[in-house]
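A short worksheet on the structure shown next.
Dropping the structure here:
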């Protein structure tokens with residue numbers, strides 16, 4: 174096949190047999206966020222490149238190596254969004270919806286783009302659900318974000334598969350003091366650092382803390398700890414967060430090496446990690462970014478948020494066999510009609526049933542075919558029941574009702590009683 178007729182490496186099609194699980198996951202998250210009072214915002218996938226350089230930081234891996242950037246026909250430098258927070262901040266500033274201290278609780282969903290080496294659960298076009306809160310600066314809102322994700326893991330059956338890690342990065346001032354101490358320490362052990370950590374030492378030294386290199390990790394055992402450099406405000410904030418998580422009963426571990434890859438984070442940072450996808454990986458991460466709005470030209474505005482990767486969480490649901498059984502079937506009921514008169518009656522009958530049972534997944538055979546071929550299609554659809562309408566049924570104004578899964582004999586159901594029968598057998602279980 175021609176290369177031009179293949180998907181770009183790391184940018185994948187989500188096929189019809191995969192989308193039911195995606196929709197289930199997305200719908201579960203959307204319903205949860207609605208219940209907590211969050212509102213959806215939708216931003217463009219393309220922004221001016223300067224937005225990400227200004228927010229993420231020019232010396233980060235994302236800006237230096239991973240962004241999809243191009244010049245449009247007007248000569249403007251544009252970038253496919255590599256993350257959602259900067260775009261969301263741009264949107265709330267542009268439309269003034271956080272002005273005057275207005276609290277905004279927002280969430281979004283969609284594709285992000287980074288030119289990384291594709292691997293399982295990590296792609297060049299990947300999908301995230303993100304959440305951002307503005308103008309709340311206490312530990313209670315940080316706790317709410319974590320409590321919501323904990324509830325989500327419970328609804329999805331994933332609580333036993335994830336672990337919460339916490340840290341505090343302090344304010345920019347206390348983090349600056351810590352950065353100086355860390356650089357001084359690591360510079361004295363430069364020969365023991367891996368090449369990537371040596372580069373980060375000059376550009377983004379806190380990122381050395383999350384290196385996967387064993388020799389560098391051995392050096393970090395004796396490195397200065399962030400907790401020793403926290404300012405009083407950040408320490409009180411962090412203790413308040415832990416107290417709230419303790420009150421709800423959410424287990425966590427303090428990871429002093431936990432940092433975020435983006436420059437704008439401060440105070441609370443957290444990650445939900447799992448070892449169920451091979452090597453330990455992050456499925457949801459976030460934290461506080463109280464200086465970002467001001468950094469982008471707005472007035473000082475507290476902010477906090479998180480993002481979760483849909484691909485990884487879908488993989489977890491599959492790996493742990495947490496996919497609801499009903500997702501395996503396309504339809505609930507499959508209507509087979511034989512003969513032109515029966516086909517016309519089937520169309521009218523099916524629409525009447527849909528009026529009465531709007532949540533019923535009913536498929537009518539399109540294209541007719543023999544009795545054998547229609548039943549083969551009905552069985553392949555995964556339907557629980559087949560409805561049969563031929564000349565005899567048409568004359569008596571009944572349908573044959575045949576179970577396709579499990580035990581049960583075929584019976585005849587009057588048209589007027591069909592919706593009630595289906596409601597009992599399918600909709601109500």
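Numbering (the working numbering), first residue to last: 174 to 602.
Even for Gly, the Cβ is constructed at its ideal location relative to N, Cα and C.
Since I believe residue j is in contact with residue i (beta carbons under 8 Å), could you give me their beta-carbon distance rounded to a whole number of angstroms?
i           : j           : result
residue 285 : residue 255 : 6 Å
residue 228 : residue 259 : 4 Å
residue 331 : residue 493 : 7 Å
residue 202 : residue 302 : 5 Å
residue 374 : residue 356 : 6 Å
residue 432 : residue 379 : 5 Å
residue 450 : residue 417 : The pair is not a contact, with the Cβ atoms about 29 Å apart (cut-off 8 Å).
residue 469 : residue 276 : Not confirmed; about 19 Å, so no contact.
residue 517 : residue 595 : So it is not a contact: roughly 21 Å between Cβ atoms.
residue 283 : residue 218 : 7 Å
residue 388 : residue 367 : 7 Å
residue 574 : residue 583 : 7 Å
residue 249 : residue 221 : 7 Å
residue 577 : residue 551 : 6 Å
residue 482 : residue 456 : 6 Å
residue 304 : residue 197 : Between residue 197 and residue 304 the Cβ distance is about 19 Å, and since that is not below 8 Å, they are no contact.
residue 274 : residue 480 : 25 Å between Cβ atoms; not a contact.
residue 321 : residue 205 : 6 Å
Using alpha carbons as the reference points, say which of the options lies closest to residue i.
i           : options               : result
residue 125 : 577, 514, 323 and 478 : Here the chain has residues from 174 to 602 only, and residue 125 is not among them.
residue 185 : 176, 548, 297 and 422 : 297
residue 121 : 179, 180, 182 and 189 : A query on residue 121 cannot be resolved here, the shown segment of the chain reaching from 174 to 602 and no further.
residue 500 : 554, 291, 523 and 570 : 554
residue 439 : 459, 328, 455 and 422 : 459
residue 353 : 369, 288 and 376      : 376
residue 200 : 454, 426, 328 and 290 : 328
residue 437 : 273, 349, 321 and 205 : 349
residue 319 : 564, 415, 195 and 561 : 415
residue 291 : 176, 586 and 183      : 183
residue 241 : 542, 288 and 382      : 288
residue 208 : 421, 474 and 280      : 280
residue 472 : 498, 308 and 542      : 308
residue 236 : 251, 246 and 274      : 251
residue 268 : 214, 176 and 246      : 214
residue 317 : 187, 565, 272 and 421 : 421
residue 564 : 513, 526 and 372      : 513
Within this structure, are the beta carbons of residue i and residue j separated by less than 8 Å?
i           : j           : result
residue 463 : residue 244 : no
residue 347 : residue 395 : no
residue 508 : residue 538 : yes
residue 515 : residue 567 : yes
residue 487 : residue 476 : no
residue 599 : residue 557 : yes
residue 424 : residue 400 : no
residue 535 : residue 506 : yes
residue 544 : residue 511 : yes
residue 143 : residue 588 : Not covered by the structure: residue 143. The range shown for the chain is 174 to 602.
residue 490 : residue 266 : no
residue 397 : residue 351 : yes
residue 603 : residue 344 : Lying outside 174 to 602, the shown extent of the chain, residue 603 is not represented and no answer is given.
residue 461 : residue 315 : yes
residue 294 : residue 542 : no
From the beta carbon of residue i, is the nearest beta carbon of chain C less than 8 Å away?
i           : result
residue 204 : Included in the structure is just one protein chain, with no chain C present.
ask   = Which residue spans inside the segment 258-326 form an unbroken alpha helix (DSSP H) run of at least 4?
value = 258-268
message = Does the contact criterion of 3 or more C-beta pairs under 8 Å hold for the segment 436-451 versus the segment 335-355?
response = yes
inquiry  = Give the list of continuous beta strand (DSSP E) stretches no shorter than 3 residues that lie fully inside the segment 413-479.
reply    = 439-447 and 454-461
task = Ignoring anything shorter than 4 residues or poking outside the segment 480-565, list the alpha helix (DSSP H) runs there in chain order.
result = 483-492, 513-529 and 544-553
task = Tell me, please, whether the segment 339-351 touches the segment 409-423 by the rule of three or more beta-carbon pairs shorter than 8 Å.
result = yes
ask   = Which runs of the alpha helix (DSSP H) spanning at least 4 residues fall entirely within the segment 181-213, listed in chain order?
value = 192-208
key: Secondary structure, alpha helix (DSSP H): runs of 4+ residues fully inside the segment 338-407   = 345-360, 368-376 and 387-393
task = Report the residue ranges of all beta strand (DSSP E) runs contained in full by the segment 570-602; include only those spanning at least 3 residues, in chain order.
result = 571-576 and 584-587
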